[in-house]
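Below is one structure, written out as structure tokens; comments come after it.
Residue numbers (the numbering used here): 21 to 775.
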């Protein structure tokens, strides 16, 4: 009604009382009502064109922003495809050479995708994967459950249902889906930053920072089939939908955001077996948002319902996976929802309300733990002793000689964050702006908390001139979430390694694998929040309110800086980094591993079909993909038997006798042994972290600390001794093939002792 008369520019404190005064006088005075009616009648003909102009302007803004978001995602997907082609010279290679580019568990994922395409029917393929006895000797595994093969199942169905088998090769179709998901990932980050800042310029800056820092934002270049490459795009969509759902002025789209959030949450949980840990951190952030912002309590509990539904539906469709029932996410959400019910039923009086506050606080602190303990009493699960042991050793409270645990601790990802990581983020100007944005938002949040403690109510609608960015619920959520992720990443994350690509931990070490991926979850958050901050006039206005800027109008300056700063950053990034990106697309990188190609070719031509191969888990994954032969172990460490197998097979690089190694290998029905020269003669960058060093520590062949007992070994290192071809090694093993990198030995079934 008063939109045609521009009000005078006033401070936030002076504007609020004036509006309240007008609202109080309206119902009490009949004269005011009559004058308001006359004013309304006189004003009705004037804004006929104004709403159309506003609607057109808003539509143009949304259309351009959506077009920019979709274009950014498509361009990033095309960029990944072109870079992958240049890096591996992919189209000019044979099928075997292309498959060798998949290493470790990535090779296993793609091998099962190939198996699904070879199956006579989808039902038969599912049965063979869930009752798989052709991969690991003497063992039947449910590959779908143990390796979360739902992406491969979906990809195989799409490949055959769409008739793509007549148009494109299976490998190109597979990697094309992953690259397309990365495009969706970037688009979701674009939209999230846009929703938070109100301008699609923030989305463009988010995408620019994401691509420039892609070494620290994604592992798509190193291993395409990783579970996180399939899952994180859905998590980004879920975060974008959650942002829109929490945003107070998007109530008209709340239902759409809720549906999108429900679908993406469940899909994310199905794609990645460690997703419920990440959703647990999100649930903690939402709980703290509920504490700091009472008005969002109903929305937060609606999100909790999505968690509950996704967990139970995932439990049913993931072969009754007990990890979802004993997960901390279920215990936390169930406890918070129960506490909410008790809180609603307990508001009967002032004294009772105070008592209920104390009870609710006690329940929130104790009920999640209690529920988790109760659930574990009735649901079969594996204990988490490895996690506690790992944390003790990590922080120097204890020591261990366990081979697998020490292997974890030696990974680069679990070392102190390197200077290169921070230097890369600083050179692209990302880290300084991120720190500035987080500090301003955190201080503004502290102001909100103090206002609530002092009994002051929060404003329903925060305007630009208020300069209170910390009152917006979506901002509170994102700041809490990024602080949690960043804290964990800095404590337990380093400059990035590909450990989870090469080695999958057992289920009771699953959280450790998530920690190894935290950097690649946190850094995209850094890009998104930094871009939102520098493009948000409200953040600049919050800063100017604290500085009490008088010389220049703060709102005008905030609007100017929100456009000028990202423009300057974008131009500087374009000038410095765009030529590098173009150079990467024009330079051909020669990736060729002739020794592995020769080994796989020899196995396919010379080895019997029923042969079983033994060697490092990483190499066994490649053999499974390229040849289809059975192996003794896999880069799959999610049950105790496979965990023990891998440690036993690695004994070929320890100081053990030929007879000991022979007994180990024959117990798994192995016919051939492959010794890798790279592991046998490994030169590690960290002292005591080579495979052979870790084995010597576990076997007691070296002194780890003062007071240790040294078990002297009278045998040399097996991988060295077996190459010499003298007794007793030649009695048990016969070399049948070798090249510069690999030595293949046939395990003799009949031992002929030679002098």
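Glycine included, C-beta positions come from ideal geometry on N, C-alpha and C.
Fair warning: this is a prediction, and the values are worked out from it, not measured in the lab.
Neighbourhood of residue i by C-beta distance below 7 Å, restricted to the same chain and skipping five residues each side
| i | result |
| --- | --- |
| residue 462 | 499 |
| residue 131 | 644 and 645 |
| residue 212 | 259, 260, 263 and 548 |
| residue 647 | 620, 623 and 624 |
| residue 770 | none |
Close-in-space but distant-in-sequence residues of the same chain around residue i (CB under 6 Å, 5 per side omitted)
| i | result |
| --- | --- |
| residue 208 | 256, 257 and 260 |
| residue 759 | 615 and 618 |
| residue 337 | none |
| residue 765 | 693, 753 and 755 |
| residue 119 | 645 and 646 |
| residue 667 | 423 |
| residue 236 | 543 |
| residue 217 | 552, 555 and 556 |
| residue 709 | 430 |
| residue 665 | 653 |
| residue 219 | 555 |
8 Å CB neighbourhood of residue i in its chain, flanking five on each side removed
| i | result |
| --- | --- |
| residue 737 | 673, 674, 675, 700 and 712 |
| residue 768 | 751, 752, 753 and 754 |
| residue 312 | 465, 468, 469, 472 and 496 |
| residue 57 | Caution applies to residue 57, whose pLDDT of 43 falls short of 50 and renders its modelled position unreliable; the model cannot decide the point. |
Burial state of residue i, where buried means 16 or more other Cβ atoms lie within 10 Å
| i | result |
| --- | --- |
| residue 296 | buried |
| residue 452 | exposed |
| residue 183 | exposed |
| residue 568 | exposed |
| residue 385 | exposed |
| residue 438 | exposed |
| residue 49 | Confidence is the limiting factor: at residue 49 the pLDDT is only 44, short of 50, which leaves the residue's position unreliable, though a coordinate-based value still follows. Residue 49 comes out exposed. |
| residue 176 | buried |
| residue 302 | buried |
| residue 277 | buried |
| residue 123 | buried |
| residue 520 | The pLDDT assigned to residue 520 is 38, lower than 50, so where the model puts this residue is not dependable; a value taken from the coordinates is nonetheless given after this. Burial call: buried. |
| residue 143 | exposed |
For residue j and residue i, the rounded distance between their alpha carbons
| i | j | result |
| --- | --- | --- |
| residue 716 | residue 223 | 52 Å |
| residue 678 | residue 718 | 19 Å |
| residue 349 | residue 331 | 9 Å |
| residue 160 | residue 266 | 47 Å |
| residue 491 | residue 289 | 31 Å |
| residue 170 | residue 193 | 16 Å |
| residue 680 | residue 762 | 22 Å |
| residue 346 | residue 501 | 23 Å |
| residue 291 | residue 339 | 14 Å |
| residue 488 | residue 561 | 8 Å |
| residue 253 | residue 305 | 20 Å |
| residue 627 | residue 152 | 22 Å |
| residue 655 | residue 741 | 26 Å |
| residue 383 | residue 390 | 10 Å |
| residue 240 | residue 566 | 43 Å |
| residue 641 | residue 128 | 5 Å |
| residue 546 | residue 250 | 21 Å |
| residue 60 | residue 578 | Here the model assigns residue 60 a pLDDT of 41, short of 50, so the residue's position is not dependable, and the following value carries that caveat. Rounded to the nearest angstrom, the two C-alpha atoms are 34 Å apart. |
| residue 148 | residue 284 | 29 Å |
| residue 54 | residue 74 | Bear in mind that the predicted position of residue 54 carries a pLDDT of just 45, short of 50, making it too unreliable to give a figure here. |
| residue 454 | residue 79 | 31 Å |
| residue 300 | residue 344 | 11 Å |
| residue 509 | residue 539 | 6 Å |
| residue 104 | residue 396 | 45 Å |
| residue 702 | residue 670 | 14 Å |
| residue 368 | residue 195 | Low confidence applies here, because residue 368 scores a pLDDT of 49, under 50, leaving its location unreliable; read the following figure in that light. Approximately 60 Å, taken between the alpha carbons. |
| residue 146 | residue 286 | 21 Å |
Cβ contact check for the stretch 593 to 606 and the stretch 652 to 671: 3 or more pairs under 8 Å: no
Stretch-stretch touch, CB-based, cutoff 8 Å, three pairs: the stretch 630 to 639 with the stretch 691 to 702: yes
Please go through the stretch 246 to 295 and give each complete beta strand (DSSP E) segment of 3 or more residues, from N-terminal end onward. none
Inspect the CB distances between the stretch 108 to 119 and the stretch 234 to 245 and report whether three or more fall short of 8 Å. Output reads no: the stretch 234 to 245 does not touch the stretch 108 to 119.
Output the residue ranges of the alpha helix (DSSP H) runs that lie fully inside the stretch 554 to 639 and measure 4 residues or longer, sorted by chain position. 557 to 567, 574 to 606 and 614 to 626
Assess, as a yes-or-no matter, whether the stretch 312 to 327 is touched by the stretch 190 to 201 under the definition of 3 or more beta carbon pairs within less than 8 Å. no
Check whether the stretch 273 to 281 touches the stretch 223 to 232, taking contact to mean three or more Cβ pairs, one atom from each stretch, closer than 8 Å. no
Count the CB pairs spanning the stretch 575 to 590 and the stretch 91 to 109 that are closer than 8 Å, and state whether there are at least three. no
Which residue spans inside the stretch 188 to 214 form an unbroken alpha helix (DSSP H) run of at least 4? Unbroken alpha helix (DSSP H) stretches of 4 residues or longer found wholly inside the stretch 188 to 214: none.
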